[in-house]
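For the sequence shown, numbering that gives the first Met the number 0 begins at 0 and goes up steadily by one.
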Amino acid sequence: MEFLQDSIPMVSLAAAAAALYARASSSLLRPGFPRLVALLPLFPFLVAAPLAFTSSAIIRATIAFFLAWLCAFKLALLAAGRGPLDPALPVLTFLFTALLPVKLRQRRGGAGAGAAASTKASKPDLSLVSCAVKAAVIAVILRLYQFNNQLHLYVRLAVYGVLIYCFLDLFFPCIALAVGALGMETEPQFDRPYLASSLRDFWGRIDTTKSFAGPWNTR
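And the structure:
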């Protein structure tokens, strides 16, 4: 694993190779125990890959979220013949779905207002003012972390929550734009979760069952 040490390009290439192996092996094996056995060697890599980043806790946590959590569960669902992954998907579609926290929108036939509204709804909101505000908030919080030991526990937790939200609300639309540049559409991850009136409403607005394809999502 030394060749992966603190190298985002090398880890990305290794993860892509693992996803391509998963696609190839799954196309040859039926869902169930044989496919699970073929995919098992990938799980130790997905868990260990984030540990290659020793210089940055943020990068390590982000890679762990992508690979050790999301990708691992997606492959587990693939072994059972469920979830967002399918060996019949095109290579790029399979890679993006496996390695990134997105769910690609299924294109359906038909035109008109419904199709136009669907396309409009799938476009990420990346206004310059919103991005500038979130980037400024992140910069202030990172500066504030220098005085982490002097802050009350509840203040630290609140600040951490704001940091995670701003980071994800910037990061996910950027991913959606990159995917959209390749002609694919993604379903939105966020719907103003800060307006949630209950914990159930909060998770519904974040829409993890559709976008993240965690262990609770079967299709």
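All C-beta atoms in this analysis are idealised placements derived from N, C-alpha and C, irrespective of residue type, glycine included.
Computed from a prediction, not measured in an experiment: that's the story for all the values here.
Coil, strand or helix - residue i by DSSP
i	result
Leu84	coil
Phe52	coil
Leu152	helix
Ser11	helix
Gly109	Confidence at Gly109 is low in this model, with a pLDDT of 47, below 50, so its placement is unreliable and the value that follows should be read with caution. The answer is coil: DSSP assigns Gly109 none of H, G, I, E or B.
Ser126	coil
Arg191	coil
Gly31	coil
Leu39	coil
Arg157	Checking the sequence, you will find Ala at residue 157 rather than Arg. DSSP places Ala157 in helix when its eight states are reduced to three.
Asp5	coil
Ser26	helix
Ala79	coil
Pro89	coil
Opposing strand residues paired with residue i [DSSP bridges]
i	result
Leu103	Thr185
Spatially closest choice to residue i from the options, by CA coordinates
i	options	result
Ala15	Thr92, Leu198 and Pro30	Thr92
Lys102	Leu127, Ser129 and Lys73	Lys73
Val10	Leu98, Leu176 and Ala175	Leu98
Leu66	Pro89, Val161, Ala13 and Thr53	Ala13
Tyr144	Phe52, Val161 and Arg104	Val161
Glu186	Arg199, Phe52 and Pro100	Pro100
Ala56	Arg22, Leu141, Val154 and Ser197	Leu141
Leu76	Ala60, Arg59 and Arg22	Arg22
Arg191	Ala37, Asp200 and Leu127	Asp200
Pro30	Ala195, Ala18, Pro86 and Pro40	Pro86
Ser237	Tyr153, Tyr159 and Cys173	For the chain, the structure presents residues 0 to 218; residue 237 sits outside this window and is missing.
Arg59	Leu198, Leu88 and Ser6	Ser6
message: Under 8 Å: do the segment 44–52 and the segment 25–33 share three or more Cβ pairs, one atom per stretch?
response: no
message: Closer than 8 Å is the cut-off here; do at least three beta carbon pairs connect the segment 129–137 with the segment 165–174?
response: yes
- request: Taking 8 Å as the threshold, find out whether the segment 85–101 comes into contact with the segment 46–57 through three or more Cβ pairs.
  value: no
field: Touching by the beta-carbon criterion (3+ pairs, under 8 Å), the segment 50–58 and the segment 73–85
entry: no
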